[in-house]
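K.L.:
Residue numbering for the sequence shown follows my numbering, starting at 27 and increasing by one per position. Glycine included, each C-beta is placed from N, C-alpha and C at the ideal position. All of these numbers come straight from a predicted model, not from anything done at the bench.
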Amino acid sequence: MSTSSPTILITGASGMLGRALHRLLLQETSQTYNVIGIGFSRLTVNHYHEHFGGAPKTVELLQLNLLDVATTEFIERHRPDIIVHCAAQRFPDAFESNIEESIQLNVDSTRHLAKLCRESTSPSRPDYKPLLIYISTSYVFDGGIESKVYPPYMPESKANPINSYGRSKWNGERAIREVMNDATNNVSGGRGIIVRVPLLYGEDCVKLDESPALEMLKVLLPSSTSATKKKIDDWALRFPTSCEDVARVLKLMIDHAFVDNQFSGTYHVASPHGITKFGLLQLQSRLLNISKDEVDDRAEGVDDPKAANPSAAPRPQCTQLNCGDTWAALGKKFEFAPLEEAMGRATQGFPRRFLDAA
Ligand SMILES: NC(=O)c1ccc[n+]([C@@H]2O[C@H](COP(=O)([O-])OP(=O)(O)OC[C@H]3O[C@@H](n4cnc5c(N)ncnc54)[C@H](OP(=O)(O)O)[C@@H]3O)[C@@H](O)[C@H]2O)c1
27 MSTSSPTILI TGASGMLGRA LHRLLLQETS QTYNVIGIGF SRLTVNHYHE HFGGAPKTVE
87 LLQLNLLDVA TTEFIERHRP DIIVHCAAQR FPDAFESNIE ESIQLNVDST RHLAKLCRES
147 TSPSRPDYKP LLIYISTSYV FDGGIESKVY PPYMPESKAN PINSYGRSKW NGERAIREVM
207 NDATNNVSGG RGIIVRVPLL YGEDCVKLDE SPALEMLKVL LPSSTSATKK KIDDWALRFP
267 TSCEDVARVL KLMIDHAFVD NQFSGTYHVA SPHGITKFGL LQLQSRLLNI SKDEVDDRAE
327 GVDDPKAANP SAAPRPQCTQ LNCGDTWAAL GKKFEFAPLE EAMGRATQGF PRRFLDAA
C-alpha cells in the first residue's frame, strides 16, 4: 500500500454496519485504499468470508472514544480522505435511558467530525476536502402520523422524528449541513454525504440482540421456556436490509467520491422488501424448517405496538425510503439480495451459532 493511497476511516467498525464495510473494503480495495477501522469497547472483531462459512479472520481495530478531546489529534494524525461515520447509539430504548451521552455521540461528535473535515485538506489530493459520510435513519420520518407526509420518502421529504433516537439522528444531519455549508473565517464549505437506511441486520451476528431483525428468534431458542406467548409487532412495516448490501452501496459511493469531487447530499439506501417483525419471524422459521405449530405455540403477532413492548419508545408505522436519487447519482441501480437469501445467511446455524451469546 503506497503512503499516498487515500485513507478511509470507519468509525463504529466493531458495530454491525461498520464490520461489514470494513471487511468489504479490506477484502476488495486494500490495493487502492488505506483502510482504518476504529472501535470503542470492542477492539478485536471477526471478519467472515464467502457467505460466512469457514473460519473467521480476526481483525484489530484502533481505539477512539469519539466523546474524548483526543478525537481531534487522532484525526489530524491519520488524515483521512473519507470518514464513514457509523458509530452511534442506535437502540431507541437504550437511547432513552442515557439521553445525554447518546446525544453527545449522535449529534456532537458528528458536528465535530464535520468541522475537522471542513477545516482540513486531503493529504493525497490538495484540492480535495475530506468527505464525511454520515449514516442516518429512516426514523427521521414519522410515517405521516403528524406531518401527513406519507411514504415512500424522498431525500427532501419533510422530516419529523417521533422518538429521541430519531431526533438525534436528524440533529446529526442538521449539524453536518450547517457545518458544511458554512463558508466563513476564510474556510470554504465542506463535503458531507448523509445516507439514510432502514432496519439493518448483519449476516455475521452471533448475538440475536444485536439486530432488531433477528432478536425475535430468541423465542425459538431451546432455552426459551416462557409459559405465555411472546407478543411480536405485526403492525409496523420494516424494510430489513442486510449490512452487506449497505456496505456495497457505501463502497460505490466512496469510489464515486474520488471521481466526482462535487458528490455530496442526502441519499437513501434500503431494500424494497417490506415485512413486519412477526412476518420476519415466520419467514425465519420457514428458512430454518421450524414448524408453524411451534412458532404459534411460542409467539403471536399483535397489531398494537404497545402490546408487543409497553416500555418501547414510539416508532412510526412505515418509513419506506425511495432510493431513486441514489441510483441516479451513482449511475446504476443496485440490486439488493432477496430477503430470503440474505436472511438465510444471517440465521444459518441457528440455534447453535447464537447459544453461547444468548
Ligand atoms: N442497526 C440498525 O437497524 C440501524 C437502522 C438505521 C440506522 N442505523 C444507523 O447506522 C449506523 C450503524 O449502526 P450499527 O447498527 O452498525 O450500530 P452498532 O452495531 O450499534 O454499533 C455502534 C458502534 O458505535 C461505537 N461506539 C459507541 N460509542 C462510541 C464512542 N463513545 N466512541 C466511539 N465509538 C463508539 C461502537 O463501538 P464499540 O462496540 O466498540 O463500543 C460500535 O462500533 C448508526 O449510525 C445507526 O444510527 C442503524
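Suppose the cutoff is 7 Å on Cβ atoms and the five residues either side in sequence are ignored; what does the same chain contact list for residue 137 look like?
P.N.:
Excluding positions up to five away in sequence, the list reads 201, 205.
K.L.:
For residue 143 and residue 158, what's the separation of their Cα atoms in angstroms?
P.N.:
Going by the C-alpha atoms only, they are around 7 Å apart.
K.L.:
CB-CB under 6 Å to residue 121, same chain, minus the five flanking residues each way: which ones, in chain order?
P.N.:
Cβ neighbours of residue 121 beyond the five flanking positions: 115, 128, 190, 191.
K.L.:
With a Cβ-Cβ cutoff of 8 Å, do residue 311 and residue 246 count as a contact?
P.N.:
Their beta carbons are under 8 Å apart, which means residue 311 touches residue 246 by this criterion.
K.L.:
Taking 7 Å as the cut-off, does the CB of residue 68 come closer than this to any heavy atom belonging to ligand 1?
P.N.:
Yes, the Cβ of residue 68 comes within 7 Å of a heavy atom of ligand 1.
K.L.:
Among 278, 342, 325, 273, whose alpha-carbon lies nearest the alpha-carbon of residue 252?
P.N.:
For residue 252, the nearest C-alpha among the options comes from 325.
K.L.:
Of the choices 360, 339, 217, 370, whose alpha-carbon is the least far from that of residue 141?
P.N.:
Considering only alpha carbons, the answer is 217.
K.L.:
Would you say the beta carbon of residue 146 is closer than 7 Å to some non-hydrogen atom of ligand 1?
P.N.:
Not under cutoff, so the answer is no.
K.L.:
Quick one: residues in its chain with C-beta nearer than 7 Å to the C-beta of residue 261, no 5 flanking neighbours on either side, listed in chain order?
P.N.:
Excluding positions up to five away in sequence, the list reads 302, 329, 330, 331, 343.
K.L.:
Pull up the CB-CB distance for residue 243 and residue 296, whole angstroms please, since I reckon it's below 8 Å.
P.N.:
Their Cβ separation, rounded to whole angstroms, is 22 Å, which puts residue 243 and residue 296 out of contact at 8 Å.
K.L.:
Please classify residue 48: is it buried, with 16 or more other beta-carbons within 10 angstroms of its beta-carbon, or exposed?
P.N.:
Residue 48 comes out buried.
K.L.:
Assuming contact is defined by CB atoms lying nearer than 8 Å, are residue 34 and residue 71 in contact in what I supplied?
P.N.:
No; because the gap between Cβ atoms is not below 8 Å, this pair is not in contact.
K.L.:
Taking C-beta to C-beta, are residue 188 and residue 112 nearer than 8 Å?
P.N.:
No. Outside cutoff.
K.L.:
Which same chain residues, not among the five before or five after residue 82, have their C-beta less than 7 Å away from its C-beta?
P.N.:
Result list for residue 82: 72, 73, 74, in chain order.
K.L.:
What's the C-alpha gap between residue 336 and residue 256?
P.N.:
Looking at the two C-alpha atoms, the distance is approximately 13 Å.
K.L.:
Starting from the C-beta of residue 148, find all residues in its chain whose C-beta is less than 8 Å away, skip the five residues before and the five after it, and write them out in chain order.
P.N.:
Within the same chain, residue 148 has close Cβ partners 32, 105, 107, 154, 155, 156.
K.L.:
Pick out the complete beta strand (DSSP E) segments inside the segment 239-279, 3 residues or longer, and give them in chain order.
P.N.:
Complete beta strand (DSSP E) runs here, min 3: 256-259.
K.L.:
Once you ignore the five residues that flank residue 91 on each side, which residues in its own chain have a CB closer than 7 Å to its CB?
P.N.:
For residue 91, where only same-chain residues beyond five positions count, the Cβ hits under 7 Å are 66.
K.L.:
Could you tell me how far apart the beta carbons of residue 226 and residue 264 are, in whole angstroms, since I believe they sit closer than 8 Å?
P.N.:
That pair is no contact at about 10 Å.
K.L.:
Is there a Cβ from chain E that is less than 8 Å from the Cβ of residue 176?
P.N.:
No chain E is present in this structure, which holds just one protein chain.
K.L.:
Are residue 209 and residue 196 closer than 8 Å when you measure CB to CB?
P.N.:
For residue 209 and residue 196, no; Cβs fall outside 8 Å.
K.L.:
With DSSP collapsed to three states, give me the class of residue 215.
P.N.:
In the structure shown, residue 215 sits in coil (DSSP, three-state: anything other than H, G, I, E or B).
K.L.:
By the 10 Å Cβ neighbour count, where 16 or more other Cβ atoms means buried, how is residue 298 classified, buried or exposed?
P.N.:
Looking at its Cβ environment, which holds fewer than 16 other Cβ atoms inside 10 Å, residue 298 is exposed.
K.L.:
Do three or more CB pairs link the segment 276-286 to the segment 315-325 at distances below 8 Å?
P.N.:
At 8 Å Cβ cutoff, the stretches do not touch.
K.L.:
With hydrogens ignored, establish whether the beta-carbon of residue 180 is closer than 7 Å to any heavy atom of ligand 1.
P.N.:
It does not: the Cβ of residue 180 is nowhere closer than 7 Å to a heavy atom of ligand 1.
K.L.:
What is the DSSP secondary structure of residue 83, reduced to helix, strand or coil?
P.N.:
In this structure, residue 83 counts as strand in the three-state DSSP scheme.
K.L.:
Quick one: what does DSSP say residue 93 is sitting in, helix, strand or coil?
P.N.:
Residue 93: coil per DSSP, three-state reduction.
K.L.:
In its own chain, which residues sit with a C-beta less than 6 Å from the C-beta of residue 234, not counting the 5 before and 5 after it?
P.N.:
The residues are 240, 241, 243, 244, 380.
K.L.:
Alpha carbon to alpha carbon, what distance is there between residue 351 and residue 4?
P.N.:
The question about residue 4 has no answer here: the residues shown for the chain are numbered 27 through 384.
K.L.:
Consider the C-beta atom of residue 345 and the heavy atoms of ligand 1; say whether any pair is separated by less than 7 Å.
P.N.:
Not so, every heavy atom of ligand 1 lies at least 7 Å from the Cβ.
K.L.:
How long is the line joining the alpha carbons of residue 238 and residue 119, rounded to whole angstroms?
P.N.:
Taking the straight line joining both Cα atoms gives about 12 Å.
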